[in-house]
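Step one of this worksheet: look at the structure below.
2 protein chains.
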Amino acid sequence: MKHRIPIPTIKRFPSYIRLIKQYKENGLTSVSATTLANDLRLNPIQVRKDLAFSGIEGKPKVGFCIDELLVALIEALGWNNSSDAILIGAGNLGSALVGYKGFENYGLSIVAAFDKKEEIVGKTIGKLTVKPLTELEEYVLLNGISIAILTVPANQAQTCAQLLVKCGIQAIWSFAPKDLTLPENIAVQRTDLATQFAVLSAKLRSNILKDDVKADMDLW
Amino acid sequence: MKHRIPIPTIKRFPSYIRLIKQYKENGLTSVSATTLANDLRLNPIQVRKDLAFSGIEGKPKVGFCIDELLVALIEALGWNNSSDAILIGAGNLGSALVGYKGFENYGLSIVAAFDKKEEIVGKTIGKLTVKPLTELEEYVLLNGISIAILTVPANQAQTCAQLLVKCGIQAIWSFAPKDLTLPENIAVQRTDLATQFAVLSAKLRSNILKDDVKADMDLW
DNA sequence: TAGATTGTTAATCGATTAACAATC
DNA sequence: TAGATTGTTAATCGATTAACAATC
Chain B
2 MKHRIPIPTI KRFPSYIRLI KQYKENGLTS VSATTLANDL RLNPIQVRKD
52 LAFSGIEGKP KVGFCIDELL VALIEALGWN NSSDAILIGA GNLGSALVGY
102 KGFENYGLSI VAAFDKKEEI VGKTIGKLTV KPLTELEEYV LLNGISIAIL
152 TVPANQAQTC AQLLVKCGIQ AIWSFAPKDL TLPENIAVQR TDLATQFAVL
202 SAKLRSNILK DDVKADMDLW
Chain W
2 MKHRIPIPTI KRFPSYIRLI KQYKENGLTS VSATTLANDL RLNPIQVRKD
52 LAFSGIEGKP KVGFCIDELL VALIEALGWN NSSDAILIGA GNLGSALVGY
102 KGFENYGLSI VAAFDKKEEI VGKTIGKLTV KPLTELEEYV LLNGISIAIL
152 TVPANQAQTC AQLLVKCGIQ AIWSFAPKDL TLPENIAVQR TDLATQFAVL
202 SAKLRSNILK DDVKADMDLW
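Protein sequence lines, in the order shown, are assigned to chains B and W.
In terms of my numbering, the first sequence opens at residue 2 and continues consecutively.
In terms of my numbering, the second sequence opens at residue 2 and continues consecutively.
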């Protein structure tokens, strides 16, 4: 298997996995890059290149063995061995994520939730009882947790993240609308609603512009 | 102002906006690209190029006028005139989004929530009462809504999205773990937790690999 | 066999980074 | 003035797309 899989490729892997699972449910045993590309509206060459990173070889005229491919893609993401994560900040969004069923598909399991606020500590969300932040360090150490999900307000995000790093957390998935400054060896993924919405806004705008141009042209 | 702002640039705009707002609160009136770059850990040349898309000119040795820059960046994203959005799927995540305070900063306001399930319709989340999906079309038409937030289960996402398009929605922000196939003139933004987590997983993995290599090298 | 599909090598495209003159 | 910072033009880098031989 080639190494250093490009991030854009990584981002397409979940889509491949989902689609291939569907094919499998429909009783198929192999799939071609062309089919995947058609269904996902991607360039077939791109799909072939992406799949090459799985290390699986396809057969001309047939495609790829679905079972092999599925295993390889899931392994490439590290989703085969499930990992435990803790969540910090049990507000609206935090609670929603704790309750989200889909994570098990990615080998992610939220095993504890923490919050600073007294009125939230002790509350039950899903199967978890919210713990006070004071118990964070001990919990992380005792349970060998390496992934944290950060759903605290923006103004607490940096402090919280530093606390997590101090406790030995290696990967932080932050939903706070804030850019974090952390040591390089910490994996950080920001899921920022502002950024996401910015892209949607821009697309909407440019579509409107395009339509306007078209409307103008129609006048001619 | 140059046009067709690249997506990577668009994605950095919210970070600039947030940071510049902070500077402003601290009483500053101008800011240099270099400062922004330092605080965000970005390349200063990149920041300068990005800011050029705002149409604002800076002054050598001084930087950019904070007020001008803020307005221009917000306008570039279309966040100046606030837009009303509806939300489809008032489950865990949907409810959390309805309750999310931050959207007003982006000129986004969720004005109605819809759901198919009888047991959810009529429930109150935040200031909204969940409406039945049957009222969707009328509401969209009557209120001239162009943006929809989609928080339904994956298996309903495609059908739902098509319904939205039929009602005249022009932009869909989908949180469903599903790739949607929609007409080209519809702006779609997928905020897919699977994709986000895939990237985090990959970063974590490569960090571990790096550490392992380093550990191996330390043996020499 | 014929033709679809693979994998690889080369060309293109777009974003990032570098170099540097202009200027406050 | 000196030096920091701007804006622009050129070089680099990485991902996407194209071209094409290999193969089932």
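All C-beta atoms, glycine included, are put in the ideal place defined by N, C-alpha and C.
Small disclaimer: the values here were computed from a predicted structure and weren't measured.
- For PHE14 of chain W, the chain B residues whose C-beta falls within less than 8 Å of its own C-beta are ALA199, listed in chain order.
- For the pair of segments examined, the region 133-149 of chain B was found not to touch the region 59-71 of chain B: the number of CB pairs separated by less than 8 Å stays below three.
- With a beta-carbon spacing of about 19 Å, SER175 of chain W and ILE126 of chain W fall beyond the 8 Å limit used to define contacts.
- Residues ASP85 of the same chain have their beta carbon placed closer than 6 Å to that of VAL112 of chain W, with the five preceding and five following residues left out of the count.
- LEU129 of chain W and TYR140 of chain W have their C-alpha atoms spaced approximately 14 Å apart.
- Within the region 22-102 of chain W, the alpha helix (DSSP H) runs of at least 4 residues that lie entirely inside it are, in chain order, 34-41, 45-53, 67-77, 93-100.
- Close to PRO45 of chain W, with beta-carbon spacing below 7 Å, lies no residue of chain B; the smallest spacing is near 16 Å.
- Burial check for LEU52 of chain W: the Cβ neighbour count within 10 Å reaches 16 or more, so the residue is buried.
- According to DSSP, VAL189 of chain W shares a beta bridge with W:ILE173.
- Per DSSP, the beta bridge partners of PHE115 of chain W are W:ILE89, W:LYS132.
- Neighbours of THR192 of chain W in chain B, taken as residues whose beta carbon is under 8 Å from its own, are THR192, LEU194, GLN197 in chain order.
- Residues of the region 65-96 of chain B with a Cβ closer than 9 Å to any Cβ of chain W, in chain order: ALA77, LEU78, GLY79, TRP80, SER84, GLY92, ASN93, LEU94, GLY95, SER96.
- Apart from sequence neighbours up to five positions away, the residues of its chain that approach GLY169 of chain W with a beta-carbon distance below 7 Å are VAL141, LEU142, ordered along the chain.
- Residues are counted here when their Cβ sits less than 9 Å from a Cβ of chain W; for the region 106-121 of chain B these are ASN106, TYR107, GLY108, LEU109, given in chain order.
- DSSP places LEU137 of chain B inside the alpha helix (DSSP H), whose first and last residues are 137-144.
- THR182 of chain W reaches chain B at ARG42, counting residues in chain order whose Cβ is nearer than 7 Å.
- The contact set of LYS128 of chain B on chain W, defined by CB atoms closer than 7 Å, is empty, because the minimum CB distance reaches about 14 Å.
- Ranked by how close their Cα comes to the Cα of VAL189 of chain B, the residues W:PRO61, W:LEU201, W:GLY28 have W:LEU201 in first place.
- Put simply, the CB of LYS25 of chain B is far from chain W, with every gap to its CB atoms at 7 Å or more.
- LEU137 of chain W places its beta carbon less than 7 Å from that of PHE115 of chain W.
- The Cβ-Cβ distance between VAL166 of chain B and ILE187 of chain B falls below 7 Å.
- Where LEU151 of chain W is concerned, the enclosing beta strand (DSSP E) starts and stops at 148-151.
- Boundaries of the alpha helix (DSSP H) around LEU164 of chain B: 155-168.
- Sixteen is the threshold: since fewer than 16 other Cβ atoms of the shown chains lie within 10 Å of the Cβ of PRO7 of chain B, the residue is exposed.
- Per the coordinates, the alpha-carbon of ASN81 of chain W lies some 35 Å from the alpha-carbon of LYS204 of chain W.
- Taking THR152 of chain W as the centre and dropping the five residues before and after it, the same chain places the C-beta of GLY90, LEU94, GLY95, PHE176 closer than 6 Å to its C-beta, in chain order.
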